[in-house]
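In what follows, a single structure is set out as structure tokens and then discussed.
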Amino acid sequence: MIFQHFNLLSSKTVWGNVAFPLVVAGVPKRQIEERVAEVLSLVGLEGKERTYPSRLSGGQKQRVGIARALVHRPEILLCDEATSALDPETTLSILALLKDINRRLNLTIILITHEMSVIREICDQVLVLDEGSVAEAGPVWQVFGNPTHTATRALLQPLNRDIPEDIQGRLRDQPDRETKWTIVELSYTGEGELEPDVAAIANALGAPTRVLQSSLDRIQGHVSGRLLISVNETRTAVPKGLQNLAHQVRILGYVGDDV
């Protein structure tokens with residue numbers, strides 16, 4: 001298991017921390033030396049064997065924790081908020097290391113986290129818990145692209161962008177003589193082969209079209225997210241041709257000024 005706050009023994013060196021589980025288990029000294037050297041090489045800590053935790057960076061401490069967790073050759077590696085105490089750059093390096101370990105050792109990794117960006121970066125499957133019960137589960141691209149539970153949508157909210165404030169403040173529910181632009185939202189869930197095609201969208205609308213905002217993402221080969229566009233005419237209904245170019249199309253409102 002990999003812990004959030006490393007839980008290293010300050011009185012022991014890197015080598016001593018990694019070797020400790022094997023020493024307690026009574027593994028012969030030669031086997032300990034061979035295995036510790038192997039896992040330290042795997043996590044990129046060669047040359048740090050005699051260094052104490054107080055002299056290590058946060059990322060290096062977590063690498064020691066990973067090596068310690070691997071030293072017993074586990075079938076499953078449990079990571080409990082393994083990156084939440086790290087800065088963004090170090091987080092990416094640790095996630096890259098975990099992905100490499102998963103590939104090299106064919107090791108199942110269970111990652112417990114509240115950071116949706118971490119799940120997006122490393123996971124194949126995601127399971128969302130809400131008050132101790134499973135709220136939603138499935139491939140990452142599917143859950144991120146089309147969340148069905150309120151808990152999932154709340155967790156994903158930081159990844160989704162709101163309508164720009166300058167447009168939100170001018171948005172009207174109904175068109176009138178002053179409105180010139182229709183604001184349209186196209187949503188993509190990642191299902192099938194449907195992907196955003198700006199040229200096809202503009203052609204289906206038959207009017208000058210601008211992209212205002214995009215929160216599209218490609219996860220595991222599937223495109224999901226939202227495309228916000230403005231159309232230089234007032235439409236009260238979504239053209240049929242446009243409905244075939246996204247999984248969901250909504251008219252959000254109308255504005256009078258140029259956008």
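Residue numbers (full-length UniProt numbering): 1 to 259. Just so it is clear, CB atoms sit at the ideal spot from N, CA and C, and this is done for glycine as well. Values in this document were obtained by computation on a predicted structure and should not be read as measured data.
Contact belief for residue i with residue j at Cβ below 8 Å, rounded distance in angstroms
i	j	result
residue 210	residue 259	7 Å
residue 235	residue 251	7 Å
residue 2	residue 65	5 Å
residue 145	residue 189	4 Å
residue 35	residue 71	6 Å
residue 143	residue 152	6 Å
residue 94	residue 111	Contact flag wrong, Cβ pair sits at about 11 Å.
Residue i to residue j span [Cα, whole Å]
i	j	result
residue 175	residue 253	8 Å
residue 41	residue 11	22 Å
residue 260	residue 249	This structure gives no information on residue 260, because the portion of the chain shown stretches from 1 to 259.
residue 244	residue 100	40 Å
residue 221	residue 124	12 Å
residue 224	residue 114	20 Å
residue 38	residue 107	16 Å
residue 246	residue 212	16 Å
residue 293	residue 102	The structure shown does not extend to residue 293, since the chain is modelled only from 1 through 259, so no value can be given for it.
residue 214	residue 48	45 Å
residue 7	residue 86	14 Å
residue 205	residue 62	53 Å
residue 77	residue 126	16 Å
residue 203	residue 233	14 Å
Beta-ladder partner(s) of residue i, from DSSP
i	result
residue 126	138
residue 230	183, 210
residue 217	224
residue 253	183
residue 110	78
Residue i classed as buried or exposed, judged by whether at least 16 other C-beta atoms fall within 10 angstroms
i	result
residue 147	buried
residue 83	buried
residue 182	buried
residue 201	buried
residue 19	buried
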